[in-house]
């Protein structure tokens, strides 16, 4: 998993001191300052976040063809985190790289899903989901989790069903498993409907890093 910036509540807000290195490596310095600025904002308000562990996390989907074939897809590149809000609830954010989407063992279908008739990854490089705020009890007992999904710059409300957890500390000791079906034509993904179903079934298995143990349920 490639994380662009990690935000921690206890990150240092000190300026870069080595002026010579700053001038010699301007892009590195800008990146460092940008990350420090985000960390400082989080330090000033309740903004603790736990990133997902790529060892366990899986983001997959299925498509049905008119011939009864089930295509298994996955997003191998993504960014994601669980945020702790100031009222003690949580919010999940996911950003999936559509340029890397794959249909397992089907190179031609992989090209199709990345192409302009589906995700159009050259123009719309990412699929994003931001959940509603939720209590930790939802991850333990299961239930519906709503949020906003963005595909090809179209934003819509969607609902995923969270399965009851298999352990006392979901997302840490066991995966949080959630699934939901999305109608792709709602997002302008309306080509090849004669060959593949309109409905796309997403299935998520999420596990956070242990170094964020105090930041999430």
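In this note's numbering, the protein residues as written are 24 to 240.
Every residue, glycine too, gets a C-beta built ideally from N, C-alpha and C.
* Asked: Within 10 angstroms of its Cβ, does residue 210 collect 16 or more other Cβ (buried), or is it exposed?
  -> As a first step, residue 210 is located in the chain shown; it is residue number 187 there, counting from the start. Buried: at least 16 other Cβ atoms inside 10 Å.
Helix, strand or coil, according to DSSP, for residue 213 in the structure here?
Reading the chain shown from its first residue, position 190 is the one you call residue 213. In the structure shown, residue 213 sits in coil (DSSP, three-state: anything other than H, G, I, E or B).
Check: If you check the beta carbons only, do residue 113 and residue 231 fall under 8 Å apart?
Finding: To locate residue 113, count along the chain shown from 1; it is residue 90. To locate residue 231, count along the chain shown from 1; it is residue 208. The answer is no: Cβ separation not under 8 Å.
- Residues near residue 93 in its chain [Cβ-Cβ closer than 8 Å; skip 5 each side]: Residue numbering aside, residue 93 sits at position 70 when the chain shown is read from its first letter. Here the set comprises 85, 86, 87.
- Identify the continuous alpha helix (DSSP H) that holds residue 142 and give its terminal residues. Translated into positions along the chain shown, residue 142 becomes position 119. Note, residue 142: premise wrong, no alpha helix (DSSP H); not H, not E.
**Message:** Suppose contacts are defined by Cβ-Cβ distances below 8 Å. Is residue 212 in contact with residue 174 by that definition?
**Reply:** What you label residue 212 is simply residue 189 of the chain shown in a count that begins at 1. What you label residue 174 is simply residue 151 of the chain shown in a count that begins at 1. Result yes, Cβ atoms of residue 212 and residue 174 sit closer than 8 Å.
- Should residue 322 be labelled buried (16 or more other beta-carbon atoms within 10 Å of its own) or exposed? Shown here, the chain extends from 24 to 240; a query on residue 322 therefore has no answer.
* Can you find at least 3 beta carbon pairs, one from the region 152–164 and one from the region 184–191, that sit closer than 8 Å? -> yes
- prompt: What does residue 149 pair with, by DSSP beta-bridge criteria?
  reply: As a first step, residue 149 is located in the chain shown; it is residue number 126 there, counting from the start. Note: residue 149 sits in a beta bridge opposite 120.
Self-check item: the region 103–112 in contact with the region 133–147 per 3-pair CB rule at 8 Å
Solution: no
Query raised in the report: What is the rounded straight-line gap between the Cα of residue 80 and the Cα of residue 200?
Result: Here residue 80 is taken as the residue at index 57 of the chain shown, counted from 1. Here residue 200 is taken as the residue at index 177 of the chain shown, counted from 1. Those two C-alpha atoms are separated by around 10 Å.
Does DSSP put residue 207 in a helix, a strand or coil?
As a working note, residue 207 is residue 184 in the chain shown. Three-state DSSP puts residue 207 in a helix.
### Message
Rounding to the nearest angstrom, what Cα-Cα distance links residue 151 and residue 134 in this structure?
### Response
Translated into positions along the chain shown, residue 151 becomes position 128. Translated into positions along the chain shown, residue 134 becomes position 111. In a straight line, the C-alpha of residue 151 is about 20 Å away from that of residue 134.
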